[in-house]
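The numbering of the sequence shown is my numbering, which starts it at 65 and goes up by one.
Scroll down for the structure; my scribbles are underneath it.
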Amino acid sequence: ECLGDCDREGENIAAEVAAACVQANPSLGVENRIARAFFSSLSPNEIRKAMRMPGRLKYEFAYAVDARREVDLRLGAVFTRW
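Listed below in structure tokens is the structure:
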């Protein structure tokens, strides 16, 4: 369930953090073992609520951001050459 920070960029940031954590500590294991806290503000109540109800990190959203970024860079490079 999405409780706040549900945009794809948020998923992408979470995936990058998860990858860094697994790189630093391989015992964390595979992708599906890592949870994500969903929040839309940094208030103490929002953070506590998010930590009580973590959700699955949606890697498909994170990968979509990577793909869009790649397309944007390639198209931008083409258009700036004209």
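Ideal Cβ positions, reconstructed from N, Cα and C, are used throughout, including at glycine.
The model shown is predicted, which means the values in this text are computed figures rather than measured ones.
Roughly how many whole angstroms lie between the Cα atoms of residue i and residue j?
| i | j | result |
| --- | --- | --- |
| F125 | R112 | 24 Å |
| E110 | F143 | 43 Å |
| G140 | V129 | 16 Å |
| G102 | E80 | First, the residue type needs correcting, since residue 102 is Phe and not Gly in the sequence shown. Their Cα atoms are separated by approximately 15 Å. |
| E65 | G119 | Annotation note: pLDDT 46 at E65 (below 50); position unreliable, coordinate value reported separately. For E65 and G119, the distance between alpha carbons rounds to 7 Å. |
| A83 | S104 | 22 Å |
| A114 | D71 | 15 Å |
| V108 | A88 | Per the sequence shown, residue 108 should be read as Pro rather than Val. About 28 Å. |
| L106 | K122 | 21 Å |
Could you pull the DSSP bridge partners for residue i from this structure?
| i | result |
| --- | --- |
| Q99 | Note on identity: in this sequence residue 99 is Ala, with Gln being the wrong assignment. Partner(s): R120. |
Verify whether the separation of the beta carbon atoms of residue i and residue j is less than 9 Å.
| i | j | result |
| --- | --- | --- |
| R116 | E75 | no |
| I98 | V86 | yes |
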